[in-house]
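Only one structure is covered here, and it is reproduced in the block below.
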Amino acid sequence: MAIRTIRKIGDPILNKVCKEVKSVNERTRTLIDDMFETMWDANGCGLAAPQVGILKRICVVDVGEEPGEECYVLINPRLIEADGEQRGYEGCLSVPDKSGVVTRPNHVKVVAFNEDMEEYEIEGTGLLARALVHEMDHLDGKMYTELAEDGKIYDNEELVRMNKEGTAPIPLETRGGSDEDDEDASAGDEPVEDASAGDEAGSEGNTGEAAGEDLN
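Going by our numbering, the final residue of the sequence shown carries number 213, and the count climbs one at a time with no gaps.
Here it is as structure tokens:
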């Protein structure tokens, strides 16, 4: 496995629609392995192929507490169900050290193929739901910055300061971490874990990439 360069916002490839994968070969498997390695190295919980310069409909997600704990490979993913609402911070490995408040579905159901081109269904709430739709947006050339509340993207250090002053759009401490933890608010394709209790629709909290883990 190898760590690949993550393309940053402003790179034209991030605004292009990816092509469907027809079959999986060794190069595809190597790409998937490298994507996981790159995501983990950047402390993210999701990464899409265009973020490493490949216009294929492939993304990887890992929302476990430890790397490799809850991994998903999604090839040609399709969103078939979405409901509820969660409002929270979101970050992205392609937009380092930044966060925005983004509202996403709180529950989703996705159909995709794994690395053996076997179709499967994944259902998720909270952070997993946020990560899935964030990564799938990348495959269509969309970024979370287009969805940020009031069009505002914050420096993570600025959010920590605003949090101490009580002016942050959503309190960072609701995540249950310290201010020191909050400084690394957007660590990748960084969905932030839902700060609210439970996965109820309409929850409000740090469910995006910025206030915790980067979604990709």
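We put the CB at the ideal spot given by N, CA and C, even for glycine.
Here the structure is a predicted model, which means the values were calculated and not measured.
query                                                                                                          : result
Assigned secondary structure, GLY121 (DSSP; H/G/I helix, E/B strand, else coil)                                : strand
Inter-residue CB distance, GLY121 and LYS13 (contact presumed, cutoff 8 angstroms)                             : Wrong, their Cβ atoms sit about 26 angstroms apart, outside the cutoff.
Exposed unless 16 or more other CB atoms sit within 10 angstroms - verdict on SER96                            : buried
VAL58 beta carbon less than 8 angstroms from that of LEU71                                                     : yes
Closest residue to GLU66 among TRP37, ILE51, GLU23 (Cα-Cα distance)                                            : TRP37
MET114 classed as buried or exposed, judged by whether at least 16 other C-beta atoms fall within 10 angstroms : exposed
CB contact flag (ASP98, PRO166, <8 angstroms)                                                                  : The question names Asp, yet the displayed sequence has Val at residue 98. Yes, the pair counts as a contact, with Cβ atoms nearer than the cut-off.
The alpha helix (DSSP H) enclosing VAL157, as first and last residue numbers                                   : 153 to 162
Sequence ranges, alpha helix (DSSP H) only - wholly within the segment 15 to 91, length at least 4             : 23 to 38
Cβ separation of ARG54 and LYS16, assumed to be a contact under 8 angstroms, to the nearest whole Å            : 7 angstroms
C-alpha distance - GLY41 paired with ASP31, whole-angstrom precision                                           : 13 angstroms
Spatial distance of ALA198 from ARG24 (CA atoms)                                                               : The predicted model places ALA198 with a pLDDT of 33, which falls under 50 and marks its position as unreliable; any figure quoted below should be read in that light. Rounded to the nearest angstrom, the two C-alpha atoms are 40 angstroms apart.
For LYS149, the first and last residue of its enclosing beta strand (DSSP E)                                   : Careful: LYS149 lies outside any beta strand (DSSP E) and carries neither H nor E.
Which of helix, strand or coil DSSP assigns to ALA291                                                          : Residue coverage of the chain in this structure runs from -2 to 213, which leaves residue 291 outside it and unanswerable.
LEU144 versus MET(-2) - alpha carbon distance                                                                  : 33 angstroms
C-alpha gap between LEU136 and ASP147, whole angstroms                                                         : 24 angstroms
Distance between CYS68 and LYS106 (C-alpha atoms, nearest Å)                                                   : 16 angstroms
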